[in-house]
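Just below is one structure, and these are the notes that go with it.
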Amino acid sequence: MAFLPVKDTPDRYGRISRWLHWGIGALLLWQLGGMAAKILWGHPQWVQAWLSTHQPLGTLLMGLIVLRALWALFNLRHRPAHVGKLAKIATLSHLLLYLLMLGIPALGLYMTWLGGQPFAPFGIPLFDGGSTQGPRMMQARQWHVWLGWTLLVLIVGHAGMALLWHGLIRRDGTLSRIAGPRRR
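And the structure:
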């Protein structure tokens, strides 16, 4: 197995970028999976247990995404470049992913505050609830939900492009830059 640097290089993403990419991806799928389970099966105890992790993990996600965005900016000159005809689309879609990943949890915090609820993820009080503002809270909630499903569609598109376009059709090594080389 080849040595994997900590920082990104023009050839591949480093250990920190990979850890953040796959860790955030797993947490996002956990978050979205919980919401899908609620829609499909309602509120049985196992779904409630799953949903009880939504706010604390959303807070963790927001922190990791901020770290990931800062790390990406710090490594910008060294990261593998998007090349080819679709480079601008790839850049814009990644920017949109980052904006949604930051905006959705921010909306969740705003929604919680507008609902008059205190927020203490992992038992750490971050804020007391504001005065309840039902209509504004419901509007923030609608945006949070719709942007969450939009993020899911973009994640599926992101994975699909990586697997199908880069992995099977072009076989250009893009997928191995973040996933690692194929084992033979």
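Per the numbering used here: the sequence shown = residues 1 to 184.
All residues carry an ideal CB built from backbone N, CA and C; glycine is no exception.
Note that the structure is predicted; figures quoted are calculated from it, not measured.
{"query": "Nearest neighbour of LEU102, chosen from VAL66, ILE124, MET111 [CA to CA]", "result": "VAL66"}
{"query": "Cβ neighbour criterion (16 or more within 10 Å) applied to LEU92", "result": "exposed"}
{"query": "Residues bridged to PHE119 (per DSSP)", "result": "PHE127"}
{"query": "Alpha-carbon spacing of GLY42 relative to ALA106, whole angstroms", "result": "26 Å"}
{"query": "Alpha-carbon spacing of GLY58 relative to TYR98, whole angstroms", "result": "14 Å"}
{"query": "Nearest-angstrom beta carbon gap, THR150 and ALA162 [assumed within contact, 8 Å]", "result": "In fact, because the Cβ distance is near 19 Å, the residues do not count as touching under 8 Å."}
{"query": "Residue span of the alpha helix (DSSP H) that contains SER52, given as start and end", "result": "Where SER52 is concerned, there is no enclosing alpha helix (DSSP H), given that its DSSP letter is neither H nor E."}
{"query": "Where LEU126 falls, given that 16 or more other Cβ within 10 Å makes a residue buried", "result": "exposed"}
{"query": "Inter-residue Cα distance where the pair is VAL15 and ALA69", "result": "For the sequence presented, residue 15 should be read as Arg rather than Val. Distance between the alpha carbons of ARG15 and ALA69: 15 Å."}
{"query": "Buried or exposed by the 16-neighbour rule on C-beta atoms within 10 Å, applied to ASP8", "result": "buried"}
{"query": "Proximity below 8 Å, CB of GLY129 to CB of PRO121", "result": "no"}
{"query": "Supposed close pair LEU154, LEU96 - CB separation, criterion 8 Å", "result": "7 Å"}
{"query": "8 Å Cβ cutoff met for ILE104 and GLY148", "result": "yes"}
{"query": "When VAL6, ILE169, GLY116 are compared against PHE74, the one with the closest alpha-carbon", "result": "VAL6"}
{"query": "Rounded straight-line distance, which links the Cα of ASP172 to that of GLY84", "result": "11 Å"}
{"query": "Alpha carbon of LEU4 to alpha carbon of GLY25, nearest angstrom", "result": "20 Å"}
{"query": "Reduced DSSP secondary structure (H/G/I, E/B, other) of ALA174", "result": "Rather than Ala, the amino acid found at residue 174 in this sequence is Thr. It is helical."}
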